[in-house]
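Have a look at the structure below before the remarks.
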Amino acid sequence: MFQAAKQSKLQQDGNDDVFFVDNGNTSYRLSLYDQPPLYDVTVEEFETSALDRLRILAEIESSAARNRSWDETKQVTITQCGKYLPLNSNSASGIDVQAERKKDQLGHFVLRLAFCRSEELRRRFMKAETTLFKIRFESDDSNERRAFLNSKDFNWISVSKDEKDEYKGQLQHFISAKVDLDTAFNNEAFYKVKWTTIPNLVEKRKVFLKGGYAYVPAREQASIIYAAFEERLEAALLATSRAIPLVDEDMRLNPILDNLAQGFIAGVPSDWVASAETTGENITADMVDSLAKQHFPLCMRVLHQSLRKDHHLKHFGRLHYGLFLKVLGLSIDEAIAFWRKSFAGGSGSDKFDKEYRYNIRHSFGLEGRRMNYPAKNCLQLHSAHEAGCPYRQLESSPENLQSALLSSYSAQGLTINDLPEIMAQVKKRSYHVACTRVFEITHARSVKKGEGLGDGESVTHPNQYAARSIELEKESKEMEVDFV
Amino acid sequence: MAPSSNLDIDPTSEEVLLTFYRRLYPFKQLFKWLNRGPERTEKESRLFPYREFAFTLRNDAYLRYNSYPNDIEMKKHVCLLTPSRFEIGPVYSAQPRDKKTVRPTHFKAEKREVVFDIDMTDYDSIRTCCSDADICKRCWGFIAVAVEVLDTAIRDQFGYTQLLWVYSGRRGIHLWISDKEAFELTDDQRKAMVEYLTVIRHGKEPGKRVNVRFGMKDLPPALKDACQTINQTFDELILQDQDCFGTQEGYETLLSLVPDAKMASRLRERWSQKPDSPSYVKWDEMKAEVKDLKDKHARQNMRNAMEDILLQYAYPRLDAEVSKHRNHLLKAPFCIHPKTGRICVPIDPDRIREFDPAKVPTVSQLLAELDAAGPSTSGGEHRDDWQKTSLKPYIDMFEQYANSVQEKQAKMGVSSPNIYIVCLVDY
Numbered sequence: 001m002f003q004a005a006k007q008s009k010l011q012q013d014g015n016d017d018v019f020f021v022d023n024g025n026t027s028y029r030l031s032l033y034d035q036p037p038l039y040d041v042t043v044e045e046f047e048t049s050a051l052d053r054l055r056i057l058a059e060i061e062s063s064a065a066r067n068r069s070w071d072e073t074k075q076v077t078i079t080q081c082g083k084y085l086p087l088n089s090n091s092a093s094g095i096d097v098q099a100e101r102k103k104d105q106l107g108h109f110v111l112r113l114a115f116c117r118s119e120e121l122r123r124r125f126m127k128a129e130t131t132l133f134k135i136r137f138e139s140d141d142s143n144e145r146r147a148f149l150n151s152k153d154f155n156w157i158s159v160s161k162d163e164k165d166e167y168k169g170q171l172q173h174f175i176s177a178k179v180d181l182d183t184a185f186n187n188e189a190f191y192k193v194k195w196t197t198i199p200n201l202v203e204k205r206k207v208f209l210k211g212g213y214a215y216v217p218a219r220e221q222a223s224i225i226y227a228a229f230e231e232r233l234e235a236a237l238l239a240t241s242r243a244i245p246l247v248d249e250d251m252r253l254n255p256i257l258d259n260l261a262q263g264f265i266a267g268v269p270s271d272w273v274a275s276a277e278t279t280g281e282n283i284t285a286d287m288v289d290s291l292a293k294q295h296f297p298l299c300m301r302v303l304h305q306s307l308r309k310d311h312h313l314k315h316f317g318r319l320h321y322g323l324f325l326k327v328l329g330l331s332i333d334e335a336i337a338f339w340r341k342s343f344a345g346g347s348g349s350d351k352f353d354k355e356y357r358y359n360i361r362h363s364f365g366l367e368g369r370r371m372n373y374p375a376k377n378c379l380q381l382h383s384a385h386e387a388g389c390p391y392r393q394l395e396s397s398p399e400n401l402q403s404a405l406l407s408s409y410s411a412q413g414l415t416i417n418d419l420p421e422i423m424a425q426v427k428k429r430s431y432h433v434a435c436t437r438v439f440e441i442t443h444a445r446s447v448k449k450g451e452g453l454g455d456g457e458s459v460t461h462p463n464q465y466a467a468r469s470i471e472l473e474k475e476s477k478e479m480e481v482d483f484v
Numbered sequence: 001m002a003p004s005s006n007l008d009i010d011p012t013s014e015e016v017l018l019t020f021y022r023r024l025y026p027f028k029q030l031f032k033w034l035n036r037g038p039e040r041t042e043k044e045s046r047l048f049p050y051r052e053f054a055f056t057l058r059n060d061a062y063l064r065y066n067s068y069p070n071d072i073e074m075k076k077h078v079c080l081l082t083p084s085r086f087e088i089g090p091v092y093s094a095q096p097r098d099k100k101t102v103r104p105t106h107f108k109a110e111k112r113e114v115v116f117d118i119d120m121t122d123y124d125s126i127r128t129c130c131s132d133a134d135i136c137k138r139c140w141g142f143i144a145v146a147v148e149v150l151d152t153a154i155r156d157q158f159g160y161t162q163l164l165w166v167y168s169g170r171r172g173i174h175l176w177i178s179d180k181e182a183f184e185l186t187d188d189q190r191k192a193m194v195e196y197l198t199v200i201r202h203g204k205e206p207g208k209r210v211n212v213r214f215g216m217k218d219l220p221p222a223l224k225d226a227c228q229t230i231n232q233t234f235d236e237l238i239l240q241d242q243d244c245f246g247t248q249e250g251y252e253t254l255l256s257l258v259p260d261a262k263m264a265s266r267l268r269e270r271w272s273q274k275p276d277s278p279s280y281v282k283w284d285e286m287k288a289e290v291k292d293l294k295d296k297h298a299r300q301n302m303r304n305a306m307e308d309i310l311l312q313y314a315y316p317r318l319d320a321e322v323s324k325h326r327n328h329l330l331k332a333p334f335c336i337h338p339k340t341g342r343i344c345v346p347i348d349p350d351r352i353r354e355f356d357p358a359k360v361p362t363v364s365q366l367l368a369e370l371d372a373a374g375p376s377t378s379g380g381e382h383r384d385d386w387q388k389t390s391l392k393p394y395i396d397m398f399e400q401y402a403n404s405v406q407e408k409q410a411k412m413g414v415s416s417p418n419i420y421i422v423c424l425v426d427y
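Line order of the protein sequences matches chains A and B. Residue 127 in full-length UniProt numbering is what sits at position 127 of the first sequence, and the numbering runs on without skipping anything. Residue 43 in full-length UniProt numbering is what sits at position 43 of the second sequence, and the numbering runs on without skipping anything.
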């Protein structure tokens with residue numbers, strides 16, 4: 001329900017950061033998001049634009065978590081952007097670039113609302129958004145990029161010729177020229193900014209510092225822009241967080257915003273969160289055994305097996321497994337029932353209440369700090385000393401790992417012939433690749449080799465593994481029903 | 001002048017500490033400095049009540065999150081606790097003493113002076129006169145050149161002017177930068193500043209620890225300046241006084257920094273004949289070798305290596321972790337060092353070379369001076385007792401510093417009275 005009339009009104013507002021020019025169009029592909037969307041949108045647009053953007057931000061976050069190189073991250077992000085949030089340059093023909101830009105802008109501002117609420121969320125949102133901006137800036141058409149830069153005021157001061165000559169000796173260091181240094185120096189423009197705006201360049205000594213000002217060669221300009229983007233976004237998020245109570249009144253938007261924020265907190269792609277919520281509702285204590293045999297990743301199977309064998313788990317085992325079950329969908333009552341039953345062999349009921357009940361309630365956010373803890377992800381399990389990722393912890397004793405794999409997964413089709421391939425990945429320390437390969441083998445009916453959990457995604461979270469496994473089972477069951 | 005028995009008093013005894021805090025410690029000046037604004041009534045002081053103080057008690061218990069509305073309250077409490085020393089933390093968004101009652105999200109370290117810490121232990125691999133906790137006038141040379149380099153760099157490149165250098169009481173030196181901009185830096189900016197100023201990476205092993213170039217490039221201009229400063233003292237400090245290459249171990253370390261393997265083996269052969277020849281002879285021999293190099297490229301390479309060696313031996317070795325985060329605690333000026341009994345006094349960076357750690361007043365000396373001066377004239381108040389002791393020049397210097405921090409803020413307040421109103425409403 002977009003209203004063109006409002007757009008022309010915008011122009012008349014005469015804001016100085018000319019966002020809408022030329023017949024009310026957004027003239028640049030890049031945006032510093034200075035101007036909020038001032039038009040009507042449907043609730044559906046509100047949600048989809050944000051969800052699509054969130055997918056991309058989540059991908060950027062997981063790229064960082066998976067230690068992807070900058071080029072890889074850029075590549076993955078550009079591919080994802082093409083799928084969910086295309087944003088073409090002015091030269092693109094046959095495409096409604098204005099609609100794309102509007103969606104981009106709308107999604108950004110909706111997510112601001114969702115992620116302004118805590119410092120942690122603000123920080124992560126800022127990081128992901130800045131990365132996205134960098135990727136777009138780097139891949140932008142150079143002419144359009146220049147036009148975009150000229151349209152903004154970044155508080156930089158051009159260094160005059162006299163000043164440039166005064167510090168020639170020092171500034172020359174930052175020029176790279178193979179042959180004629182003097183010409184190169186005369187051609188290079190320098191800008192002066194407060195050093196505090198570009199800590200990254202200062203840290204690496206890529207600029208000349210004098211009296212608190214950093215002299216930035218023109219080719220490092222991008223850093224200033226990234227810094228400006230981040231700085232403006234940070235200020236805007238803080239301002240939004242102060243104004244958010246006004247939005248809180250709106251019953252239609254609140255659930256959407258909460259949902260979005262949750263998706264980010266879990267630190268995983270948003271589509272996985274959605275599926276976890278649908279599959280995970282009615283899990284009871286009795287179901288855990290059968291679920292464990294079919295759907296759990298190795299780390300959680302190992303914990304489950306040792307819980308069954310010893311009727312006990314040590315602290316970190318309880319913590320990791322408990323949070324995993326919670327996110328899987330075990331309610332607090334079921335969780336207490338599950339743990340009480342599991343410990344019954346060893347400790348009496350009194351002892352259980354005294355020693356473990358509090359911890360379980362704590363992990364559900366019902367005691368103490370009242371924080372609803374997310375389940376540990378693969379990264380955290382990798383670095384855990386106890387009850388962590390078995391691929392990593394058993395790396396030095398391959399025999400144990402192989403027998404654990406066989407005993408856990410042979411019922412689902414893992415054979416001794418698959419082991420060398422998995423062990424090779426473990427040896428390369430690509431534990432998540434090994435885990436993903438196990439998933440592919442044990443779900444051979446639904447996924448092919450290399451597909452991972454679907455769409456080439458690899459395992460980054462035990463809950464993601466389990467949820468996807470449950471989902472696949474459901475799908476195949478539905479198909480069987482169709483056949484009948 | 002002082003009775004000898006007094007020189008042997010225990011600087012950690014309750015009696016000594018109580019007298020020191022009651023009669024000598026400059027709480028008033030401390031308040032003036034940390035509050036950054038003009039002295040005001042209890043209600044109006046803005047920054048001081050939000051500042052954390054952490055005490056190390058005589059039994060080594062550590063009390064964090066203390067805060068006081070003003071210097072008078074602080075003095076009372078300090079006299080009650082008689083801590084062996086105390087540390088200054090950041091300004092928080094709420095009063096630190098209320099930490100348990102405010103929500104964690106509302107309790108954040110917001111501002112603090114930028115601090116640097118240089119400790120003699122980081123020089124153990126190169127100093128030849130002392131090791132570990134010891135320090136003498138000779139190894140102070142390392143600190144002196146570090147102060148010169150750092151003081152110039154910060155003033156010239158970062159443009160900060162309110163620098164307070166404080167002797168740490170035994171073998172190190174602290175720097176407090178109180179400029180408004182520095183005071184308000186974020187952790188990221190602090191980290192950038194420290195990394196910018198850090199050249200020597202931490203590590204116990206000898207070997208190359210300077211890596212500041214990109215390929216064959218020149219040193220960045222900032223380090224070029226540092227090299228020049230170091231060059232003035234390298235000869236005296238490293239080659240003559242410390243005689244760093246005067247032993248086999250010493251010159252082997254030097255040779256490990258020479259990238260030209262052939263030259264290194266030539267020099268090793270020559271030096272192994274006379275391993276005890278003085279450092280400056282060896283250094284000159286190396287210089288001559290470099291001069292004789294035919295290949296221009298190789299010569300430049302060795303010149304660069306020699307610059308790196310200058311940096312490795314005399315560039316300030318910073319304890320980076322201290323400076324990176326706002327919530328780091330650092331010992332307050334004018335505390336007593338519990339082992340040496342010396343006072344952590346401010347030092348004038350322009351006269352850093354004249355400074356002799358052995359001549360810093362100890363608490364026993366000060367108490368003896370107080371005794372000699374007779375009982376306090378102004379009854380129960382001990383306001384000006386420090387004037388009668390050798391602590392006077394140091395407290396005068398500190399007061400001057402506190403005033404310089406204060407004045408700028410006061411001026412700003414006059415020009416924009418609105419800021420005052422906002423502050424009042426906030427607190």
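C-beta: ideal position from N, C-alpha, C; glycine also.
Three or more Cβ pairs closer than 8 angstroms define a contact, and the region 435-446 of chain A falls short of that threshold against the region 317-336 of chain A.
Per the C-alpha coordinates, the member of Gln294(A), Arg205(A), Val459(A), Asn150(A) positioned closest to Leu414(A) is Gln294(A). According to DSSP, Ser158(A) shares a beta bridge with Tyr191(A). Against Asn200(A), the close residues of chain B are Ala192, in the order they occur along the chain (beta-carbon pairs closer than 8 angstroms).
Of the candidates Ala288(B), Pro275(B), Gln273(B), the residue whose Cα lies closest to the Cα of Met263(B) is Ala288(B). Pairwise C-beta distances place the region 324-339 of chain B out of contact with the region 144-157 of chain B, as fewer than three of them are shorter than 8 angstroms. Taking 7 angstroms as the cut-off between beta carbons, the residues of the region 201-232 of chain A near chain B are Val202, Glu203, Arg205, Phe208, Leu209, Lys210, Gly211, Gly212, in sequence order. Around Val115(B), the same chain offers His174, Leu175, Trp176, Ile177, Val322, Ser323, His328, Leu330 as residues with beta carbons nearer than 8 angstroms, after the five sequence neighbours per side are excluded.
Under the three-state reduction of DSSP, Tyr215(A) is assigned to strand. Two segments are said to touch when three or more pairs of C-beta atoms, one from each, lie closer than 8 angstroms; by this definition the region 108-120 of chain A touches the region 252-260 of chain A. Here the alpha carbons of Arg51(B) and Arg22(B) stand approximately 21 angstroms from one another. Short of 8 angstroms from the beta carbon of Thr240(A), and not among the five residues preceding or following it, lie these beta carbons of its own chain, in chain order: Arg112, Leu113, Cys116.
Spatial neighbours of Asp179(B) in its own chain (CB-CB distance under 6 angstroms, excluding positions within 5 residues in sequence) are listed in chain order as Tyr160, Gln162. Listed in chain order, the beta strand (DSSP E) runs fully inside the region 95-144 of chain B are 109-111, 114-119, counting runs of at least 3 residues. Note on geometry: alpha-carbon atoms of Ala404(A) and Leu303(A) lie some 12 angstroms from one another.
Membership of Arg51(B) in the beta strand (DSSP E) is indicated by the continuous run 51-56. The beta strand (DSSP E) runs lying completely inside the region 39-84 of chain A and spanning 3 residues or more number zero. Under the Cβ criterion of 8 angstroms, Phe183(B) is not counted among the residues facing chain A. In the three-state reduction of the DSSP assignment, Lys127(A) falls in the helix class.
Straight-line measurement puts the Cα of Ala292(A) at about 15 angstroms from the Cα of Arg318(A). According to the DSSP assignment, Ile309(B) belongs to no beta strand (DSSP E) but to the alpha helix (DSSP H) extending over 296-314. For Val210(B), DSSP records a beta bridge to Ile200(B).
According to the DSSP assignment, Val433(A) belongs to the alpha helix (DSSP H) that extends over 431-442. The C-beta of Thr436(A) comes no closer than 8 angstroms to any C-beta of chain B. With fewer than 16 other Cβ atoms from the protein chains shown falling within 10 Å of its own Cβ, Asp165(A) counts as exposed.
Rounded to the nearest angstrom, the gap between the Cα atoms of Lys309(A) and Arg301(A) is 12 angstroms. By the CB criterion at 8 angstroms, Lys76(B) and Ala358(B) fall outside the cutoff. Within chain A, Gln170, Arg205, Phe208, Leu209 have C-beta atoms less than 9 angstroms from the C-beta of Ala222(B), given in sequence order. Taking a cut-off of 8 angstroms for Cβ pairs, the region 339-349 of chain B and the region 252-261 of chain B do not touch, as fewer than three such pairs fall below it.
Neighbourhood of Asp151(B) in chain A, by CB distance below 8 angstroms: empty, with the nearest CB roughly 15 angstroms away. Classified as exposed, Pro245(A) has fewer than 16 neighbouring CB atoms from the shown chains inside 10 Å of its CB.
When the beta-carbon positions are compared, Ala54(B) and Leu63(B) come within less than 8 angstroms of each other.
Following the DSSP letters along the chain, one finds Pro398(A) inside the alpha helix (DSSP H) bounded by residues 398-409. Following the DSSP letters along the chain, one finds His174(B) inside the beta strand (DSSP E) bounded by residues 172-177. According to the DSSP assignment, Asn327(B) belongs to no alpha helix (DSSP H), since it is labelled neither H nor E. The beta carbons of Leu367(B) and Leu391(B) sit no closer together than 8 angstroms.
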